[in-house]
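Novice:
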Amino acid sequence: MSLQIKGKPQPLVTLAILLAIGILIGLTIKSIGYFWVMLVPNIFLVVLTLSLLMAYFDRQDPSKAEPAVYPSLSVLIPSYNSKSTIVRTIKSIQASDYPGKLEIIAVDDGSTDGSREMLKGMKGVTPLLLDKNGGKAHALNTAMKIAKGDVIACVDSDSYPEPSAFRKAIAALYRDKRNGAVTCFIRVDKPDSLLKKIQDIEYLTGFGFSQMATSAIEAIFVTPGPTTIFRKTALDELGGFDEENITEDLEIAWRLRKHGYRIDYTPEALIYTDVPNTLGSLFKQRMRWYRGKFFNIRKHSDMLFNPKYGLFGVFVLPFSFSAELSGIVLSFSFLYLLLRQAIWFSGFMASNIALGGSLTDLTGMIGLGMSAMVMGLLLVSPWFLVVYLSHVIGRKKFKIEETPVIGIFFLFYGILISFFYCISFFQEINRSDYRWK
Amino acid sequence: MEVNKGIFIKAAVATLALFAISLFVGYSIESDNYSRTEARVSQLESGLETSLLFLMFMQTHNQSDAMCSVLKSQLDDSAQRTYDLYGILEQGKETGIFIGYQDLRNKYFLANMQFYLMLRQYMQTCGNTNLEPILFFYTAYNDCPSCVAQGRVLDSVRAECSNARVYAFPADVQDVTMIKYFTKYYQVGRTPALVINDQRYDDLLTKDRIEALINCSK
Numbered sequence: 002m003s004l005q006i007k008g009k010p011q012p013l014v015t016l017a018i019l020l021a022i023g024i025l026i027g028l029t030i031k032s033i034g035y036f037w038v039m040l041v042p043n044i045f046l047v048v049l050t051l052s053l054l055m056a057y058f059d060r061q062d063p064s065k066a067e068p069a070v071y072p073s074l075s076v077l078i079p080s081y082n083s084k085s086t087i088v089r090t091i092k093s094i095q096a097s098d099y100p101g102k103l104e105i106i107a108v109d110d111g112s113t114d115g116s117r118e119m120l121k122g123m124k125g126v127t128p129l130l131l132d133k134n135g136g137k138a139h140a141l142n143t144a145m146k147i148a149k150g151d152v153i154a155c156v157d158s159d160s161y162p163e164p165s166a167f168r169k170a171i172a173a174l175y176r177d178k179r180n181g182a183v184t185c186f187i188r189v190d191k192p193d194s195l196l197k198k199i200q201d202i203e204y205l206t207g208f209g210f211s212q213m214a215t216s217a218i219e220a221i222f223v224t225p226g227p228t229t230i231f232r233k234t235a236l237d238e239l240g241g242f243d244e245e246n247i248t249e250d251l252e253i254a255w256r257l258r259k260h261g262y263r264i265d266y267t268p269e270a271l272i273y274t275d276v277p278n279t280l281g282s283l284f285k286q287r288m289r290w291y292r293g294k295f296f297n298i299r300k301h302s303d304m305l306f307n308p309k310y311g312l313f314g315v316f317v318l319p320f321s322f323s324a325e326l327s328g329i330v331l332s333f334s335f336l337y338l339l340l341r342q343a344i345w346f347s348g349f350m351a352s353n354i355a356l357g358g359s360l361t362d363l364t365g366m367i368g369l370g371m372s373a374m375v376m377g378l379l380l381v382s383p384w385f386l387v388v389y390l391s392h393v394i395g396r397k398k399f400k401i402e403e404t405p406v407i408g409i410f411f412l413f414y415g416i417l418i419s420f421f422y423c424i425s426f427f428q429e430i431n432r433s434d435y436r437w438k
Numbered sequence: 002m003e004v005n006k007g008i009f010i011k012a013a014v015a016t017l018a019l020f021a022i023s024l025f026v027g028y029s030i031e032s033d034n035y036s037r038t039e040a041r042v043s044q045l046e047s048g049l050e051t052s053l054l055f056l057m058f059m060q061t062h063n064q065s066d067a068m069c070s071v072l073k074s075q076l077d078d079s080a081q082r083t084y085d086l087y088g089i090l091e092q093g094k095e096t097g098i099f100i101g102y103q104d105l106r107n108k109y110f111l112a113n114m115q116f117y118l119m120l121r122q123y124m125q126t127c128g129n130t131n132l133e134p135i136l137f138f139y140t141a142y143n144d145c146p147s148c149v150a151q152g153r154v155l156d157s158v159r160a161e162c163s164n165a166r167v168y169a170f171p172a173d174v175q176d177v178t179m180i181k182y183f184t185k186y187y188q189v190g191r192t193p194a195l196v197i198n199d200q201r202y203d204d205l206l207t208k209d210r211i212e213a214l215i216n217c218s219k
């Protein structure tokens, strides 16, 4: 049985809808003012952020006790054409200080870049070479069949666990019998470009603060692909990963919850991962994430607003969509302002040329008053606290030099991501007729 | 682990508090700005009344020789304040969230118009002055970048030419009858438009051109 997507993407329809939304928001701004248009989505975001902040401050520190005997661990590394990274991944796992028995199963999912040959010769690694590329979930399920460990660690082939990561994560897994999985603190590996630095802030807040806060209310949203630790019995009970899913890491988290398992989090288990270094690759990654989310909300729509699933069903799940919707409205509003200023600026420059090009005073460029700016800063102040707390969780020293990157993250990256989200939504509409064959 | 659902009540209260503080701070800033601007408009109006009295006194008692220089310095002082206020009011109109500047703007435009007419009368009464009034018609700040550009040119003309007197009026204002009449009188159809020596110019005028038209006294 495989998942088919009927229909063709219609970029013109998507563009037309995006334009229509833009015009609608623009007209609303024109009639009631941008401040009031931005207020409502901001209320949503502030409530969400403050709820998470309250959850964060209200949390009880979990027990630091380690298990008397560490269980056997199988580390599964699904790999597809990852010649440039997989060796480092395996070496970082081999450098682990895990006290229990540890086996590494590297699953090559039909690579064509020579990485499968590399795996064959690696010491301490069980290579599992699949002839056909069947997707990550399929590779993981295949590896699970031969895995001997009581605990399964799924590690992406471009992710690098710290030596203590497995020890700390498995200690967290065993601190509660209901735990089906433990998520780790995923950080960006070598953030040496602007795009990576921005994603570093995103990962720091997302996998640092948000994960910590949602774990405090027992509502972790995702078991991140780069590395998550699972109890094997839980995965077996669930029948493994959904092989027809493009975001199997999201889906398994929701299904674990459906089966009554808890998902825990430990920020002490540090995992570094490669992130997209170009806008194109970032776009592809986010299309997969967001479309996967839309797909899964339809698949597990019974969880939405369902108190049976605790705060995950009634708070995190609905609010995650509201937050994204708010992000879209805010982004369009901000873009409207930018566009208006750009039109103003081009008109001003054209006049300037006609007047001999001597004008340098651009005071009229900023269409925001002092009151709007002060109010805006006050309303985003919880987000600054979130960034700061994420640094504290990640034991990363906050440097003042980071401020411009944080500014770009808040102002422009948010817009970019909102547009990606919008496009994924319309792609999902255009090509939404999933059917099982 | 028991989840404390009270966090959501705390979050809602904190959100309300944050918004209340933001609205209070935002309103206070605007209100403070408005009060200061209002005080300046009142000052302008009182300066206008003084100038008007000087002019009436001069005309009633035929005292032009003695009073012309006093009236000129009075008009010069007001001209500077009038022009500064123009920018403040336009900025306030564009960026105000809670407080509308419409009434204040209307008061200002009326005062500005009176100053312009008074200058013309002064020029007639006091004879050979080299003052050059310039009427500048514009439309809403953000919708007319060329108006802003022309305004900047007029700023530098004012700075360089001691005889230049600029009076700015929004051509699209609907509720000030006198401005509507003014735009009709000078047949202003598009903005920015300048009126110098009763001659209307619809094109953008460079600094050199304006300085030549008004025989700039440096």
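Residue numbers (the working numbering), protein chains in the order written: chain V, 2 to 438; chain W, 2 to 219. Backbone N, C-alpha and C define an ideal beta-carbon position, used for all residues, glycine too. Predicted model only: the values in this text are computed from it and were never measured.
Would you verify that the beta carbon of G101 (chain W) is, or is not, closer than 8 angstroms to some beta carbon of chain V?
Specialist: Output row for G101 (chain W): interface = no.
Novice: Which word fits T178 (chain W), buried or exposed, when buried means at least 16 other C-beta atoms lie within 10 angstroms of its C-beta?
Specialist: That one is exposed.
Novice: Under the DSSP definition of a beta bridge, which residues are partnered with T127 (chain V)?
Specialist: The partner list for T127 (chain V) (beta bridge, DSSP) reads V:I106.
Novice: Indicate whether N278 (chain V) and K197 (chain V) have their beta-carbon atoms separated by less than 8 angstroms.
Specialist: Their beta carbons are under 8 angstroms apart, which means N278 (chain V) touches K197 (chain V) by this criterion.
Novice: Which residue from V:E403, V:I78, V:F58 and V:L251 puts its Cα closest to that of K300 (chain V)?
Specialist: Among V:E403, V:I78, V:F58 and V:L251, the Cα nearest to that of K300 (chain V) belongs to V:L251.
Novice: Beta strand (DSSP E) containing A40 (chain W): first to last residue?
Specialist: Here A40 (chain W) belongs to no beta strand (DSSP E); instead the alpha helix (DSSP H) covers G7 to H62.
Novice: Return the bridge partner residues of E133 (chain W) from the DSSP annotation.
Specialist: Partner(s): W:A165.
Novice: Tell me which residues share the same chain as R289 (chain V) and place their Cβ nearer than 8 angstroms to its Cβ, disregarding the 5 neighbours each side in the sequence.
Specialist: Cβ within range, chain order: I247 and T248.
Novice: What residues from chain V crowd round A21 (chain W), counting only those whose CB sits closer than 7 angstroms?
Specialist: Residues of chain V passing the Cβ test: none, with the nearest at roughly 10 angstroms.
Novice: Compute the Euclidean distance between the alpha carbons of L4 (chain V) and L25 (chain V), then round it to the nearest angstrom.
Specialist: Note that L4 (chain V) scores 45 on pLDDT, short of 50, meaning its location in the model is unreliable; the coordinates nonetheless yield the value given after this. The alpha-carbon atoms of L4 (chain V) and L25 (chain V) are separated by roughly 36 angstroms.
Novice: Return the chain-ordered list of same chain residues with a C-beta closer than 7 angstroms to the C-beta of A324 (chain V), the five sequence neighbours on each side being excluded.
Specialist: If we look at A324 (chain V) and ignore the five residues flanking it on each side, its Cβ neighbours are F45, L46 and L49.
Novice: So which residues on chain V does L205 (chain W) lean against when the C-beta distance must stay under 7 angstroms?
Specialist: Those within 7 angstroms of L205 (chain W) in chain V are S352, A355 and L356.
Novice: Quick check on V14 (chain V): does DSSP put it in helix, strand or coil?
Specialist: Helix.
Novice: Indicate the three-state DSSP secondary structure (helix, strand or coil) for C148 (chain W) in the structure shown.
Specialist: Residue state, collapsed to three classes: helix.
Novice: Name the two residues that bound the continuous beta strand (DSSP E) containing Q200 (chain W).
Specialist: Q200 to Y202 is the span of the beta strand (DSSP E), which, as asked, contains Q200 (chain W).
Novice: Can you grab the Cα-Cα spacing for the pair Y186 (chain W) / T192 (chain W), in whole Å?
Specialist: Answer to the nearest angstrom: the Cα atoms are 15 angstroms apart.
Novice: Figure out for me which residue from V:A21, V:A17, V:W37 and V:T29 has the closest Cα to the Cα of A373 (chain V).
Specialist: Taking only the C-alpha atoms, the option nearest A373 (chain V) is V:W37.
Novice: May I ask you to report which of helix, strand or coil DSSP gives N297 (chain V)?
Specialist: The answer is helix: DSSP assigns N297 (chain V) an H, G or I state.
Novice: Taking 8 angstroms as the cut-off, decide whether the C-beta atoms of P268 (chain V) and G209 (chain V) are in contact.
Specialist: Yes, the Cβ-Cβ distance between P268 (chain V) and G209 (chain V) is below 8 angstroms.
Novice: Quick one: using the 10 Å Cβ neighbour count with 16 as the cut-off for buried, is T404 (chain V) buried or exposed?
Specialist: Exposed: under 16 other Cβ atoms inside 10 Å.
Novice: Please work out which residues of its chain come closer than 7 angstroms, Cβ to Cβ, to V276 (chain V), disregarding the five sequence neighbours upstream and downstream, and give them in chain order.
Specialist: Here the set comprises V189, K197 and Q200.
Novice: Would the beta-carbon of A56 (chain V) fall within 8 angstroms of that of I8 (chain W)?
Specialist: Cβ atoms of A56 (chain V) and I8 (chain W): closer than 8 angstroms.
Novice: For L390 (chain V), which residues of its own chain have a beta-carbon under 6 angstroms away from its beta-carbon, when the five flanking residues on both sides are left out?
Specialist: If we look at L390 (chain V) and ignore the five residues flanking it on each side, its Cβ neighbours are F210.
Novice: Which two residues bound the contiguous beta strand (DSSP E) that contains N180 (chain V)?
Specialist: Start and end: N180 to V189.
Novice: Just checking my contact of F137 (chain W) with V167 (chain W) at CB under 8 angstroms: how many whole Å lie between their CB atoms?
Specialist: Their Cβ separation, rounded to whole angstroms, is 6 angstroms, which keeps F137 (chain W) and V167 (chain W) in contact under 8 angstroms.
Novice: Does the CB of K94 (chain W) have a neighbour CB from chain V at under 8 angstroms?
Specialist: No, K94 (chain W) lies away from the interface with chain V (no Cβ there is under 8 angstroms from its Cβ).
Novice: Counting only the same chain and skipping the five closest in sequence on each side, list residues whose C-beta sits under 6 angstroms from that of L103 (chain V).
Specialist: Once the five neighbours on either side are set aside, the close Cβ partners of L103 (chain V) are L74.
Novice: Where are the alpha helix (DSSP H) runs, 4 residues long or more, that stay fully inside the segment 46–122 of chain V, in chain order?
Specialist: Correct list: 87–95 and 116–121.
Novice: Only counting the same chain, and skipping five residues up and downstream in sequence, which positions put a Cβ closer than 8 angstroms to that of M119 (chain V)?
Specialist: Cβ neighbours of M119 (chain V) beyond the five flanking positions: K84, I87 and V88.
Novice: Cutting at 7 angstroms between CB atoms, please list the residues of its own chain near L120 (chain W), excluding the five before and the five after it.
Specialist: Answer for L120 (chain W): L76, L132, P134 and R166, listed in chain order.
Novice: In this structure, how does DSSP classify I394 (chain V) when only helix, strand and coil are distinguished?
Specialist: Looking at I394 (chain V) - three-state DSSP - the assignment turns out to be helix.
Novice: To which residues does DSSP link A154 (chain V) through a beta bridge?
Specialist: In the DSSP output, where bridge partners are listed per residue, A154 (chain V) has V:V76 and V:I230.
Novice: For G27 (chain W), which residues in chain V fall below 8 angstroms Cβ to Cβ?
Specialist: Under the 8 angstroms cutoff, chain V gives S372, A373, V375 and M376.
Novice: Hey, would you say L77 (chain V) sits closer than 8 angstroms to I153 (chain V), going by beta carbons?
Specialist: Result yes, Cβ atoms of L77 (chain V) and I153 (chain V) sit closer than 8 angstroms.
Novice: So A140 (chain V) packs on L131 (chain V), CB below 8 angstroms; how close in whole Å?
Specialist: Their Cβ separation, rounded to whole angstroms, is 6 angstroms, which keeps A140 (chain V) and L131 (chain V) in contact under 8 angstroms.
Novice: Do the segment 77–93 of chain W and the segment 36–45 of chain W touch if we need at least three Cβ pairs shorter than 8 angstroms?
Specialist: As far as the Cβ criterion goes, the segment 77–93 of chain W touches the segment 36–45 of chain W, which means the pair count is three or higher.
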